[in-house]
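Asks: Questions regarding the structure given below will be posed in turn.
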Amino acid sequence: MTPPEAEVELWRRAGRIGAAARDLGAGLLRPGAGRRDVAEEVERYIRAQGAEPAFPVNLSINDEAAHYTPAPEDDHRFRAGDLVKVDVGAHLDGHISDTAVTVEIGTSRHGALRQACRDALAAAEGKVRDGVPIETLSAAIETAIHARGLKPVRNLTGHTIEPYLLHAGTSIPNATGMSSGELRAGQVVAIEPFATNGKGEIRNGPFGNIVRFRGPPSPERAPELAELYRRFSTLPFCARWVADEDLREILLRSRRYLQTYPVFVEEGRGMVAQAEHTLWVREDGAEVLTP
Ligand code: MN
Ligand code: MN
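Numbering-wise, the sequence shown is residues 2 to 292 according to this note's numbering.
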């Protein structure tokens, strides 16, 4: 299946905006920078480009692998030595990009972790084409990370993307032995190797301030939520994006309509790095949409 050219162009534009936002965020990281300020500046940039954030900017630090976005009152400041995953997405009419880099602030102790993820991502990208077994991509990722003497995070995966669906059903594991499918031309996929010097697994930590509607809330029983659903649909969002204080309160009391995301924390409290691109699977290779 090849999507019509107009569709592909939307994915490409969302990809370029996501990539530029990712690089903007990475460039803002320095000792003393506010975590909430960085997230909000990146999200402002995405909106100024005519797109919407596909999910709240994730700024996960050290042994946090993913899924932390600042709360409205977050006053945390980055410190020298922090290993920060900047994971960013933009969407145009539901056409989502998803991309990440890892930055070490002010020190260079974790170059191997960062490089292992970049190597793994490049190795997997090089294998992508119509019909490639997902296991081949997992093996490329695992081998590249082991080559640096590190472990892949086994229970985090890349994923297919469909309009308004960030995780559309097919996973691309970062280690072998867990998949059986193949990629098909026309699919949009995010590949996201995570490397660690810890145990190689994450567990669920505290709430990371990110939520998502499971489905449409009842317009009769929850009219305020129906308004938010019209805005965010089934994409992840956060309280920072809800200006109205009363609406934020309602959101906190409405967990049964919402999926809430815990922070993913490395089981052995190891340091974690990540690299991620969104790609379009073609007959003979991959087009990187988030260069
Ligand atoms: Mn991501
Ligand atoms: Mn992803």
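Idealized CB from N, CA, C, for every residue including glycine.
Grab the span of the beta strand (DSSP E) containing residue 60 for me, first residue to last.
Replies: From DSSP, the beta strand (DSSP E) with residue 60 extends over 59-62.
Asks: Give the range of the alpha helix (DSSP H) segment to which residue 84 is assigned.
Replies: Taken as a continuous stretch (DSSP letters only), residue 84 belongs to no alpha helix (DSSP H), being part of the beta strand (DSSP E) at 84-93.
Asks: Is residue 111 near ligand 2, going by C-beta to nearest heavy atom under 7 Å?
Replies: No, Cβ of residue 111 sits at least 7 Å from all heavy atoms of ligand 2.
Asks: Can you tell me whether residue 269 is helix, strand or coil according to DSSP?
Replies: The answer is coil: DSSP assigns residue 269 none of H, G, I, E or B.
Asks: Taking 7 Å as the cut-off, is the beta-carbon of residue 191 closer than that to any non-hydrogen atom of ligand 2?
Replies: Indeed, a heavy atom of ligand 2 lies less than 7 Å from the Cβ.
Asks: At which residues does the alpha helix (DSSP H) containing residue 99 begin and terminate?
Replies: Segment 96-105 is the beta strand (DSSP E) holding residue 99; no alpha helix (DSSP H) there.
Asks: Pairing CB atoms from the region 271-290 with CB atoms from the region 110-123, are three or more of them under 8 Å?
Replies: Yes, the region 271-290 is in contact with the region 110-123.
Asks: Please identify the residue among 205, 38 and 283 whose C-alpha is closest to the C-alpha of residue 269.
Replies: Among 205, 38 and 283, the Cα nearest to that of residue 269 is on 205.
Asks: Assuming residue 259 and residue 231 make a contact with CB atoms under 8 Å, what is their CB distance in whole Å?
Replies: The Cβ separation is near 15 Å, so there is no contact.
Asks: Going by Cα to Cα distance, which pick from 249, 77, 107 and 97 is closest to residue 84?
Replies: Of 249, 77, 107 and 97, the residue nearest in Cα terms is 107.
Asks: For the putative contact between residue 141 and residue 124, defined by C-beta atoms under 8 Å, what is the C-beta separation to the nearest angstrom?
Replies: About 4 Å; that satisfies the 8 Å criterion.
Asks: Going by beta carbon distance, what residues of the same chain come within less than 6 Å of residue 121, once the five residues before and after it are set aside?
Replies: Here the set comprises 142, 145, 146 and 194.
Asks: Just verifying my parser: in three-state terms, what is the DSSP assignment at residue 133?
Replies: Coil at residue 133, not helix or strand.
Asks: Compute the minimum distance between the beta carbon of residue 99 and the heavy atoms of ligand 1, and state whether it is under 7 Å.
Replies: For ligand 1, at least one heavy atom lies less than 7 Å from the Cβ of residue 99.
Asks: Would the region 246-257 and the region 152-168 be scored as touching if the rule is three or more Cβ pairs under 8 Å?
Replies: No: the two stretches stay apart, fewer than three of their Cβ pairs being nearer than 8 Å.
Asks: By how many angstroms is the C-alpha of residue 53 removed from the C-alpha of residue 22?
Replies: Rounded to whole angstroms, residue 22 to residue 53 spans 11 Å at the Cα level.
Asks: Please classify residue 26 as buried or exposed, where buried requires at least 16 neighbouring CB atoms within 10 angstroms.
Replies: Buried, because 16 or more other Cβ atoms sit within 10 Å of the Cβ of residue 26.
Asks: Let me check you understand the geometry: is the CB of residue 298 closer than 7 Å to at least one non-hydrogen atom of ligand 1?
Replies: This structure cannot settle anything about residue 298, because the visible part of the chain is limited to 2 through 292.
Asks: Rounded to whole angstroms, what is the Cα-Cα separation between residue 104 and residue 80?
Replies: Distance between the alpha carbons of residue 104 and residue 80: 12 Å.
Asks: Could you work out which residue in 291, 86 and 289 is closest to residue 264 when comparing CA atoms only?
Replies: Looking at the Cα atoms, 86 is the closest of the given residues.
Asks: So, with DSSP's three-state summary, where would you put residue 139?
Replies: Looking at residue 139 - three-state DSSP - the assignment turns out to be helix.
Asks: Let me make sure I understand the geometry here. Which of 227, 93 and 266 has the alpha-carbon closest to that of residue 49?
Replies: That would be 93, whose Cα lies nearest to the Cα of residue 49.
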